[in-house]
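K.L.:
Dumping the structure here so I can ask a few things about it.
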Amino acid sequence: MEEEQQIIGKGTWIDKLAFELLEREKSIGRDTKLIRVESGLGASGIPHIGSLGDAVRAYGVKLALENFGYKSELIAYSDDLDGLRKIPEGLPDSLKEHIGKPVSFIPDPFGCHDSYGLHMSSLLLDGLDKLGIKYKFQRGVDTYKNGLLKEQIHMILTNSKKIGKKIAEMVGQEKYQEALPYFPLCANCGRLYTAISYEYLPDERKIKYKCVGTTIGSKTLEGCGHEGIADITKDIGKLPWKVEFAARWHAFDIRFEAYGKDIMDSVKVNDWVAEEILKFPAPTHVKYEMFLDKGGKKISKSLGNVVTSQAWLRYGTPKSILLLLYKRITGTREVGFDDIPALMDEYNELENIYFGKIKLENENKTIRSKGLYEYVNLLTPPKSQRPYVNYRLLVQLCKIFREDRIPLVTKKLIEYGTIKESSPEIEELITLAGNYADDFDKPTKVEIQVEDKVKNALSELASLLSSEQEPEDLQNSIYQIAKNRDIQPKDFFKILYQIILAAERGPKLGPFILDIGRKKVALLISEHL
RNA sequence: GGGUUCGUAGCUCAGCCAGGUAGAGUACCGGACUUUUAAUCCGGCUGUCCGGGGUCCGAAUCCCCGCGAACCCGCCA
């Protein structure tokens, strides 16, 4: 390489993005005293782990900006004024009567929050809190109630012709050539979307509408026929997404917002609206792929398969989520709980690199790995390394020891020489890996059919195990018992594994039986006689 | 019709976004654990990095053109 590669910040894509953002802000001569970044939080459905991505990554950009010496702030904007469009899978059908209403005005079907919308956004915020993400929470409901967007709404409505034409041209959506880009809440039936705005009275800042109904997906939503007038400065109503982002960016002075590819078109239109209608340079963007559920596993409708942050944290640490979201932004496709072991181990590898335990050949890669480690620790990495045990090994051990798990697994780990002593970190890891083993490696109950001679062998073994004296060479005894009765040792061992572990195979049986307690095993065996 | 992502070992995939010896898990083969089975540990094997062009001293990685797969948009938010 002819010229030395310039490392930006900590060498990650986050630094590069923040750097480009700063270059852009400087080139358009905008004030950089405080750089605000925004993240949208959906409030219409149960938040998937991907929903955290938007906020977590925006927070990463905030950290990078601060690392460059700028002041920055993350606004987490909850879209809780959006109307409920369809009932998400797994939620009660009784929500049907609320379709079209803002999610903040729908009762919480789980009964624990003030509204449906608050329930959903609380789940998301809870996830962010557990990851250590700091943000300023802004609700869509309050935004409109307090008229925070009133100037922007006014500008948009007075330019609605121009905007409608542009939307049709840019993305092929015709409807705003007729309807005004504003959804009032029908004062009679309480629904959004069903009421169409047809005239704006700029002097009064009021809008005339008629509740005529609409179609959402393939379904028709009947209007109630009500005709009314809404005050855009204080009545509830909202801008459609095609123009709302721009209004928000302008009102809150947002300089960065990431977006998923599903709303690419909306962002494109909003950039134009921001620049041309509101005269506000659009924020820097980065587009990310959506997280999908693992292809084949979508079939299982079990609730445990929904990849929420709450469920993830049953098996993995918060850092494993941060690693997933920070390691890269492009090309992420399918995500599932089975990614957790690899992420857990990968985090540990990064920690080893950071603390110099592992040396990489490539210097740039070392810098970037350390940088990634720092971001996963939200730029405040620990002073010293934490104890760690390979996650897969832990899962294996937890599969074997289901009772008294923590002490028994710890004992094994010490025997293996993996760790010297127990510690809270190791116990936490055993708990997580144990949950993983319990939930994803469920033992399947096998029907065991045994011939008489096997029965006799089993009862001999049972009495040997329940004797007061500890057998000397248990492994050999088992082998002999089988052999003496003309049973293939292989088959006998297999039956024993099925009885004890509900598995075809297992650890070396002699020492294992002693580990879990020979009397307990004797009891188990006699249950099958 | 428009757009995005993906294609790497038998299988599942990482590596690509800031170019520098092609990797992991699994499977398979062998060894250790003085008797079979598992785990664990050690060793071994596995490649048209989808095809073609370009840039470069150097390309799995960047650019262009194809082929194949998935997804998003073309209702709405």
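Take the position in the first sequence, starting the count at 1, then add 496; the result is the number in our numbering. Using N, Cα and C, we set each Cβ at its ideal position, and we do this for glycine too.
(1) Can you list, in chain order, the residues of its chain whose CB lies under 7 Å from that of H615, leaving out five sequence neighbours each side?
(2) Whose C-alpha, out of D969, R981, Y932 and F936, is nearest the C-alpha of E956?
(3) Can you check which of these residues, F989, L1019, A978 and T927, is closest to L961 by C-alpha distance?
(4) Any idea which residues DSSP pairs G756 with across the strands?
(5) Should E956 be listed as close to the ligand ADP, given that the test is whether its C-beta is under 7 Å from any heavy atom?
(6) Please state if the CB of L619 and the CB of L818 are separated by a distance shorter than 8 Å.
(7) Is K567 closer than 8 Å to I531 when the C-beta atoms are compared?
(8) Which runs of the beta strand (DSSP E) spanning at least 3 residues fall entirely within the segment 836–915, listed in chain order?
(9) Could you tell me the boundaries of the beta strand (DSSP E) in which T654 lies?
(10) The beta strand (DSSP E) that contains F633, what's its start and end?
(11) Rounded to a whole number of angstroms, what is the C-alpha to C-alpha distance between K916 and F515?
(12) Could you tell me the distance, in whole angstroms, from the CA atom of D749 to the CA atom of D767?
(13) So what does DSSP say about E674, is it helix, strand or coil?
(14) Grab me the residues of Q634's own chain with a C-beta within less than 6 Å of its C-beta, minus the 5 sequence neighbours each way, in chain order.
(15) Leaving aside the five residues before and after Q965 along the sequence, list all residues of the same chain whose C-beta is less than 6 Å from its C-beta, in chain order.
(16) Our contact map puts G536 next to D550 with C-beta atoms below 8 Å; I'd like the distance itself, whole angstroms only.
(17) From C720, V667, P736 and A807, pick the residue whose C-alpha is nearest to that of D761; which is it?
(18) Let me confirm a value: Q648 is counted as buried when at least 16 other C-beta atoms fall within 10 Å, else exposed. Which label applies?
(19) How about A929 and V891: are their beta carbons less than 8 Å apart?
(20) Cα separation between Y975 and A953?
(21) Could you say which of K558, L856, P985 and W737 lies nearest to T528 if we only look at CA atoms?
(22) Kindly provide the ranges of any beta strand (DSSP E) runs that are 3 or more residues long and lie completely inside the segment 500–547, ordered along the chain.
(23) Hey, G596 and L735: beta-carbon distance below 8 Å or not?
(24) Three or more beta-carbon pairs under 8 Å between the segment 873–892 and the segment 919–927, yes or no?
(25) If you compare alpha carbons, which of A726, T729 and F679 is closest to G709?
(26) Tell me which residue opens and which closes the beta strand (DSSP E) that D935 is part of.
(27) Rounded to whole angstroms, what's the CA-CA distance from F752 to I825? Just pull it up for me.
(28) Taking G613 as part of the alpha helix (DSSP H), name the residues at either end of that continuous run.
(29) Between I503 and I863, how many whole angstroms is the CB-CB distance? I'm expecting something under 8 Å.
(30) Take the Cβ of G507 as the centre, count every other Cβ of all protein chains shown within 10 Å, and call the residue buried at 16 or more, exposed below.
(31) If you draw a straight line from the C-alpha of I926 to the C-alpha of I759, how long is it?
(32) Assuming contact is defined by CB atoms lying nearer than 8 Å, are K738 and V782 in contact in what I supplied?
(33) Excluding the 5 residues preceding and the 5 following T914 in the sequence, name in chain order all residues of the same chain whose CB lies nearer than 6 Å to its CB.
(34) Are three or more beta carbon pairs between the segment 696–707 and the segment 723–733 nearer than 8 Å?
(35) Any idea which residues DSSP pairs I750 with across the strands?
(36) Can you give me the C-alpha to C-alpha distance between L644 and I545, rounded to a whole angstrom?
P.N.:
According to the structure shown:
(1) By 1-based counting over the first sequence, the position of residue 615 is 119. Answer for H615: D604, F606, C608 and H609, listed in chain order.
(2) Here residue 956 refers to the residue found at position 460 when the first sequence is read from its first residue. The shortest C-alpha separation from E956 is found at R981.
(3) By one-based count along the first sequence, residue 961 stands at place 465. Checking every option, the nearest Cα to that of L961 belongs to L1019.
(4) Within the first sequence, residue 756 is the residue found at index 260, counting from 1. According to DSSP, which records beta bridges pairwise, G756 is partnered with Y784.
(5) Among the ligands in the structure shown, none appear at all, so the ligand ADP cannot be discussed.
(6) Taking the first sequence and counting its residues from 1, one reaches residue 818 at position 322. Taking the first sequence and counting its residues from 1, one reaches residue 619 at position 123. No, they are not a contact pair.
(7) The count along the first sequence starts at 1 and reaches residue 531 at position 35. The count along the first sequence starts at 1 and reaches residue 567 at position 71. Result yes, Cβ atoms of I531 and K567 sit closer than 8 Å.
(8) none
(9) Taking the first sequence and counting its residues from 1, the one referred to as residue 654 is at position 158. No beta strand (DSSP E) holds T654; the alpha helix (DSSP H) holding it covers K646 to T654.
(10) Looking up residue 633 in the first sequence gives position 137. Counting along the chain, the beta strand (DSSP E) containing F633 begins and ends at K632 to R635.
(11) Counting from 1 along the first sequence, the entry for residue 916 is found at position 420. Counting from 1 along the first sequence, the entry for residue 515 is found at position 19. If you take the alpha carbons of K916 and F515, they lie about 45 Å apart.
(12) For the purposes of this step, residue 749 is taken as the residue at position 253 of the first sequence. For the purposes of this step, residue 767 is taken as the residue at position 271 of the first sequence. Approximately 14 Å, taken between the alpha carbons.
(13) Here residue 674 refers to the residue found at position 178 of the first sequence. Of the three classes helix, strand and coil, the one that applies to E674 here is coil, per DSSP.
(14) For the purposes of this step, residue 634 is identified with residue 138 of the first sequence, where counting begins at 1. If we look at Q634 and ignore the five residues flanking it on each side, its Cβ neighbours are I571 and Y573.
(15) Here residue 965 refers to the residue found at position 469 of the first sequence. Here the set comprises nothing.
(16) Position 40 of the first sequence, counted from the first residue, corresponds to residue 536. Position 54 of the first sequence, counted from the first residue, corresponds to residue 550. With a Cβ gap of about 6 Å, G536 and D550 count as contacting.
(17) Position 265 of the first sequence, counted from the first residue, corresponds to residue 761. The option with the nearest alpha carbon to D761 is V667.
(18) Looking up residue 648 in the first sequence gives position 152. Classification of Q648: buried, given that the 10 Å Cβ count is 16 or more.
(19) For the purposes of this step, residue 929 is identified with residue 433 of the first sequence, where counting begins at 1. For the purposes of this step, residue 891 is identified with residue 395 of the first sequence, where counting begins at 1. Taking 8 Å as the Cβ cut-off, A929 and V891 qualify as a contacting pair.
(20) The sequence position of residue 975 within the first sequence is 479, counting from 1. The sequence position of residue 953 within the first sequence is 457, counting from 1. Rounded to the nearest angstrom, the two C-alpha atoms are 11 Å apart.
(21) As a position in the first sequence, residue 528 is number 32, starting the count at 1. Of K558, L856, P985 and W737, the residue nearest in Cα terms is K558.
(22) 530–538
(23) One-based indexing of the first sequence puts residue 596 at position 100. One-based indexing of the first sequence puts residue 735 at position 239. Contact: no.
(24) yes
(25) As a first step, residue 709 is located in the first sequence; it is residue number 213 there, counting from the start. Per the Cα distances, F679.
(26) Translated into positions along the first sequence, residue 935 becomes position 439. Note, D935: premise wrong, no beta strand (DSSP E); alpha helix (DSSP H) at P920 to F936.
(27) Locating residue 752 in the first sequence gives position 256, counting from the first residue. Locating residue 825 in the first sequence gives position 329, counting from the first residue. Going by the C-alpha atoms only, they are around 15 Å apart.
(28) For the purposes of this step, residue 613 is taken as residue 117 along the first sequence, with counting starting at 1. Unbroken alpha helix (DSSP H) run through G613: Y612 to L627.
(29) Residue 503 sits at position 7 when you count from the first residue of the first sequence. Residue 863 sits at position 367 when you count from the first residue of the first sequence. About 6 Å; that satisfies the 8 Å criterion.
(30) As a first step, residue 507 is located in the first sequence; it is residue number 11 there, counting from the start. By the 10 Å Cβ count, G507 comes out buried.
(31) Here residue 926 refers to the residue found at position 430 of the first sequence. Here residue 759 refers to the residue found at position 263 of the first sequence. Rounded to the nearest angstrom, the two C-alpha atoms are 41 Å apart.
(32) Residue mapping note: residue 738 aligns to position 242 of the first sequence, counting from 1. Residue mapping note: residue 782 aligns to position 286 of the first sequence, counting from 1. No, they are not a contact pair.
(33) Looking up residue 914 in the first sequence gives position 418. If we look at T914 and ignore the five residues flanking it on each side, its Cβ neighbours are V885.
(34) yes
(35) The residue labelled residue 750 in the question sits at position 254 within the first sequence. DSSP lists R532 as partners of I750.
(36) Along the first sequence, one-based indexing puts residue 644 at 148. Along the first sequence, one-based indexing puts residue 545 at 49. C-alpha separation (whole angstroms): 30 Å.
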